[in-house]
Amino acid sequence: MISYDMDVSVANRKEVPLFYGYIKDGNTERGITFVLLILLASLHNLSRTIGTALLLSVSKELTFGIILAEQVLYHLYKIVRRDYVMFVVGLEGGLKWVVAFFCHTVFKILVDYTGERVIPGREKRFHRILTNFSTCRHGAPPRP
Amino acid sequence: MARSAQHLFASSNMGLAKRVTLGALLSVMDMITDMGVINSYQASGKTSQANSLIAMIGSSLAAQLLFMYGLNREKSKWKILRESAFIVTFLKPGVDAYRVATGHEDKDSTASPLVEMAVGKGVELAFESIPGGLLQAYVFINSPEKTTFLLVSILISALTTGFRAP
């Protein structure tokens, strides 16, 4: 919804009219875009939540193992791409690594459960592969 | 004339009131259903699940209040109190959406309304909405008593998460 808020913002549209304005100005079009964006994120969240809850009821170890593996792979990917630490004024030394670790972990959880729209380009494809891998959890072994 | 009308149309805040109202309504409904779920868990002896849900809501509120104080520490006590009231009453997402859409400016604040909204939503999602929804779904699947109220609460949680999503 942040992309929606940014796009319909009067200030943004006046400042950068060539970039903002992909949501049409008609009342119906705006309404449809708004409802579809909410539904998209809600259904994604519902699907992922139900999938995780089902796996959790089958095996707690497997669930935490998969979540941990996803996180480790994501962090490794960011490190390999030299895209781990973020530039923030005042953050130096070990603190910037701690903040980066916290931020990446939270971002990964948010993207996992709400959609992939905040991750651009190549990372989006990588993340999609990870998500598809983890949604194979529906085929987890039956409860003993 | 047509060009002026088109410009006016493009720069209008159509639907803003409805969007803010929906955000506020969803937040309040989510809060009410969460309270109901906690009550229901406690009544059926699921004390640890009820406490987990309370801890999630509490940690989300604490993180949001901490972040809000960090951003608004230069402001007067009344303004800090007003912002705290928005957070505690779960109306913050609606207020943030209104401020971003109207291009609200505040010289005393260290971040723009958009940054404030993005971080607020992120904190709320990571600490309360996502883990809360997951816990409710897990309990619903494993509980022999599957009431409509618990199901509605999960669906409202998913809708609220969808509304708060980036």
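Residue numbers (the working numbering), protein chains in the order written: chain A, 1 to 144; chain B, 145 to 310.
Idealized CB from N, CA, C, for every residue including glycine.
Keep in mind the model is a prediction, meaning the values are calculated, not measured.
8 Å Cβ cutoff, residue 137 (chain A) in contact with chain B: Bear in mind that a pLDDT of 43 at residue 137 (chain A), under 50, signals an unreliable position, so the model cannot answer this.
Closer than 8 Å at the beta carbon, the chain A residues around residue 163 (chain B): Near residue 163 (chain B) (Cβ distances below 8 Å), the residues of chain A are 34.
Contact set for residue 185 (chain B): own chain, Cβ-Cβ below 6 Å, skip 5 residues either direction: Cβ neighbours of residue 185 (chain B) within its own chain (closer than 6 Å, five residues either side excluded): 193, 194.
Test: residue 49 (chain A) CB closer than 8 Å to a CB of chain B: Yes, contact with chain B.
6 Å Cβ shell around residue 292 (chain B) - same chain, five flanking residues per side excluded: None.
Residue 23 (chain A) (DSSP reduced to helix, strand or coil): In the structure shown, residue 23 (chain A) adopts coil according to DSSP, grouped into three states.
Boundaries of the alpha helix (DSSP H) in which residue 228 (chain B) is found, first to last residue: That run of the alpha helix (DSSP H) goes 221-232.
Buried/exposed call for residue 65 (chain A), threshold 16 Cβ in 10 Å: Result: exposed.
Short Cβ contact (8 Å threshold) for residue 238 (chain B) with residue 168 (chain B): It is a contact, given that the beta carbons lie within the stated cut-off.
Chain-ordered neighbours of residue 115 (chain A) on chain B, where CB pairs are closer than 7 Å: Ordered by position in chain B, the residues that pass the 7 Å Cβ test against residue 115 (chain A) are 309.
Beta-carbon proximity list for residue 12 (chain A), same chain, < 7 Å, skipping 5 on both sides: For residue 12 (chain A), the CB contacts under 7 Å within the same chain, skipping 5 residues up- and downstream, are 6, 20 in chain order.
Residue-level contact to chain D via CB, residue 235 (chain B), 8 Å cutoff: You won't find chain D in this structure, because its protein chains are A and B.
Three-state class that DSSP yields for residue 112 (chain A) in the structure shown: Assignment of residue 112 (chain A) by DSSP, reduced to helix, strand and coil, places it in the helix class.
Residue span of the alpha helix (DSSP H) that contains residue 190 (chain B), given as start and end: In this chain, residue 190 (chain B) is not harboured by any alpha helix (DSSP H), its DSSP state being neither H nor E.
Residues from the segment 241-253 of chain B in contact with chain A, defined by Cβ distance under 8 Å: Those would be 241, 244, 245, 246, 247, in chain order.
Nonlocal neighbours in the same chain, by C-beta distance under 7 Å from residue 308 (chain B), ignoring five residues either side: Contacts found: 237, 265, 268, 269, 273.
Alpha-carbon to alpha-carbon, residue 90 (chain A) and residue 78 (chain A): Residue 90 (chain A) has its alpha-carbon roughly 22 Å from the corresponding atom of residue 78 (chain A).
Test item: CB-CB of residue 53 (chain A) and residue 281 (chain B) under 8 Å: Contact flag set, yes.
Sub-8 Å separation of residue 63 (chain A) and residue 56 (chain A) beta-carbons: With contacts defined as CB atoms closer than 8 Å, residue 63 (chain A) and residue 56 (chain A) qualify as a contacting pair.
Meets three-Cβ-pair contact criterion under 8 Å: the segment 242-255 of chain B and the segment 203-220 of chain B: With a cut-off of 8 Å on Cβ pairs, the segment 242-255 of chain B is in contact with the segment 203-220 of chain B, counting three or more such pairs.
Presumed contact (8 Å Cβ cut-off) between residue 212 (chain B) and residue 198 (chain B), rounded CB distance: With a Cβ gap of about 21 Å, residue 212 (chain B) and residue 198 (chain B) do not count as contacting.
For residue 26 (chain A) and residue 165 (chain B), the rounded distance between their alpha carbons: Across the structure, residue 165 (chain B) and residue 26 (chain A) are spaced so that their CA atoms are roughly 20 Å apart.
Beta-carbon proximity check, residue 244 (chain B) vs residue 258 (chain B), cutoff 8 Å: Taking C-beta atoms as the reference points, residue 244 (chain B) and residue 258 (chain B) count as a pair closer than 8 Å.
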